[in-house]
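Report on the structure given below.
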Amino acid sequence: EDIEILPGKSTMVICSEDIQMLKFLMGLLNSRLPIFYIKNKYSSSSYCGGITFTKDMINNFPLKITDEYKKKIINLVNKILSIKEKDPQNDTSEIETQIDEIVYDLYDLSEEERNIIKKSK
């Protein structure tokens, strides 16, 4: 995949011609697992419990992609985008939780591992 990550002022921008891949990455990288992983792996770089994400943190995240899970995540991201297009204030937390569960399945997490992530802030 030809993907490029550019650091922004307060955000990161992932560039690709492949819109479906961008939707997959949007769902995956905004789910609880990568956030938990990065906060724990790079806890020494945290400031008051927060993390200033860097390009390398994202690039070094162990990306796992299968067609089956990619489709599932893209379908849910499309639902969120459709709901938010109507009203950006609409609550999509239920769909976001579904994405979290799919990501846990994708990475073969045990129930114990899932619970550790769910309990983390």
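Taken in order, the sequence shown gives residues 12 to 132; the numbers are from the numbering used here. All C-beta atoms, glycine included, are put in the ideal place defined by N, C-alpha and C. Since we're looking at a predicted model, the values are computed, not measured.
Here Gly38 is not near Ile94, since their CB atoms are 7 angstroms or more apart. Taking each of Met23, Ser121 and Val88 in turn and checking the Cα distance to Glu105, the smallest one comes out for Val88. Taken through DSSP and simplified to helix, strand or coil, Ile106 comes out as helix. Under the three-state reduction of DSSP output, Ile25 falls in the strand class. Counted as a single uninterrupted DSSP element, the alpha helix (DSSP H) harbouring Gln31 occupies residues Ile30 to Leu40. A contact is defined here as three or more CB-CB pairs under 8 angstroms, and the stretch 26-35 fails this definition with respect to the stretch 96-113. Per DSSP, Lys95 is one residue of the alpha helix (DSSP H) stretching across Asp78 to Lys97. A straight line joining the alpha-carbon of Asp13 with that of Asn41 spans about 20 angstroms. For Phe64, the secondary structure class from DSSP, reduced to helix, strand or coil, is coil.
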